[in-house]
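So the sequences go chain by chain: A and B.
So for the first sequence, my numbering puts the first residue at 280; every next one is plus one.
So for the second sequence, my numbering puts the first residue at 280; every next one is plus one.
Note that CB positions come from ideal geometry on N, CA and C, so glycine has one too.
2 protein chains.
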Amino acid sequence: MIANELCNCNILRNSSSKITSIYDKALSHTGVKVTQYGLLKYVYLLKSPNLSQLSAALYQDRSTLGRNIRILERMKLVSINAGIDKRQVQIELTNYGVFTLKEARKAWELVQKKIELKLGKKKQEQLIEILKNIEAIELKL
Amino acid sequence: MIANELCNCNILRNSSSKITSIYDKALSHTGVKVTQYGLLKYVYLLKSPNLSQLSAALYQDRSTLGRNIRILERMKLVSINAGIDKRQVQIELTNYGVFTLKEARKAWELVQKKIELKLGKKKQEQLIEILKNIEAIELKL
DNA sequence: AAATAAAATGAGTATATACCCATAGTATGA
DNA sequence: TCATACTATGGGTATATACTCATTTTATTT
């Protein structure tokens, strides 16, 4: 009665997990994981944002972001300071954070290219297109 | 110097997260999340497996499985008993677990169909194909 | 049979994630 | 200006996940 059809959700979860571990291994010598690289990148791109700005840019929960950022702080990659508005925290890359971001960027470029080669340009583009579709889905539930 | 190109890994992570929350909402009235539904389904399909069998079927870490199964045990959805080989634990669905699995299955079918409609058959198939490619990737790192 | 190897699991530790609620600070409207 | 509403964040709690190491049991090899 219950068969084992492919679940869109679980195949995506599995692929996501698999590719995350590939990227993590490719970045491992830099000391950061691909998720942390993403965070550092946005702190850089948004030029010392506060948590709400970061979480809006990353479409992630603020408290999640807060926790993840505090890990980067422990790792001396970012500093967290009170903003002029004292409710806010201003997040800045440390020098070590900038250095690490650049190293991670090099490693990221390599693994990204390798994946693109393995997958081929056409499938790569199809994937992006389909995932955009998925992220745009709003089901009435 | 550091631009914001699309990262295969992060777009997959985001899509995975997004679609997980869609499935979770669709299943919410059954009391289980889509990941837990997947676990229940495999306990059913594998007919009271032990942890190693489950983790092999799901390509997941054994200790992860152990923790997730103990959550299902707390929820009275499965029972965990010692096997004949006393190292093993035998995992069985309770009656409530079977009932919940069936309810979750109905909800899963609905949301799965809705997603397929939104996405279209062609993209659906492309997605599966591409994700299989990704899961098969073995980079020498 | 005794020693050793292998298998199954659990526990410790850690990250990533989200939800809800409390609190502190700021802005706004009467 | 004072009460109220809004904003930014932190903390509690919970799930999902993986890695490493210890322990218990079983299997294998002298």
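query, result
"For B:E371, the residue or residues it bridges with in DSSP", "B:S358"
"Where the alpha helix (DSSP H) through A:Q332 begins and ends", "L330 to L337"
"8 Å Cβ cutoff, A:Q405 in contact with chain B", "yes"
"Check whether B:L306 and B:V313 have beta carbons under 8 Å apart", "yes"
"Under the three-state DSSP convention, the category A:L306 falls into", "helix"
"B:A336 and B:L325 closer than 8 Å at C-beta", "yes"
"Residue-chain proximity (A:I348, chain B), Cβ-Cβ < 8 Å", "no"
"Contact set between A:T309 and chain B, taken where Cβ atoms lie within less than 9 Å", "The premise fails here: A:T309 is roughly 13 Å from chain B at the closest Cβ pair, so nothing lies under 9 Å."
"Under 7 Å by beta carbon: chain B residues contacting A:Q391", "C286 and N287"
"Inter-residue spacing [alpha-carbon to alpha-carbon] between B:T309 and B:G317", "13 Å"
"Distance between beta carbons of B:L330 and B:I348, contact taken as under 8 Å", "7 Å"
"The region 391-404 of chain B contacting the region 389-399 of chain A, beta-carbon criterion three pairs below 8 Å", "no"
"Cα-Cα separation, B:I416 to A:N293", "13 Å"
"Under the three-state DSSP convention, the category A:A415 falls into", "helix"
"A:C288 - DSSP class collapsed to helix/strand/coil", "helix"
"Alpha helix (DSSP H) segment containing A:G399, residue limits", "Element bounds for A:G399: n/a, residue is neither H nor E."
"For A:R353, the first and last residue of its enclosing alpha helix (DSSP H)", "R341 to R353"
"Chain-ordered chain B contacts of A:S422 [CB-CB under 7 Å]", "Residue 422 of chain A is absent from the structure shown; chain A starts at 280 and stops at 420."
"Simplified DSSP state of B:N283, which is helix, strand or coil", "coil"
"Interfacial residues, the region 361-382 of chain B to chain A, with Cβ spacing under 8 Å", "L380 and K381"
"Assigned secondary structure, A:I363 (DSSP; H/G/I helix, E/B strand, else coil)", "coil"
"Candidates B:L285, B:R366, B:T343 and B:Y375, of which the one nearest B:A355 by Cα", "A small correction: the amino acid at residue 355 of chain B is Lys; Ala does not occupy that position in the sequence shown. For the residues B:L285, B:R366, B:T343 and B:Y375, the minimum Cα distance to B:K355 belongs to B:Y375."
"Contact with chain B by A:I359, beta-carbon distance below 8 Å", "no"
"Separation of A:R341 from A:N360, as counted between CA atoms", "17 Å"
"Neighbour flag for A:V313 against chain B, beta carbons, 8 Å", "yes"
"Partners in chain B for A:G317, counting only beta-carbon separations shorter than 9 Å", "C286, C288, N289 and R292"
"Nearest-angstrom Cβ-Cβ length linking B:I298 and A:N287, presumed shorter than 8 Å", "6 Å"
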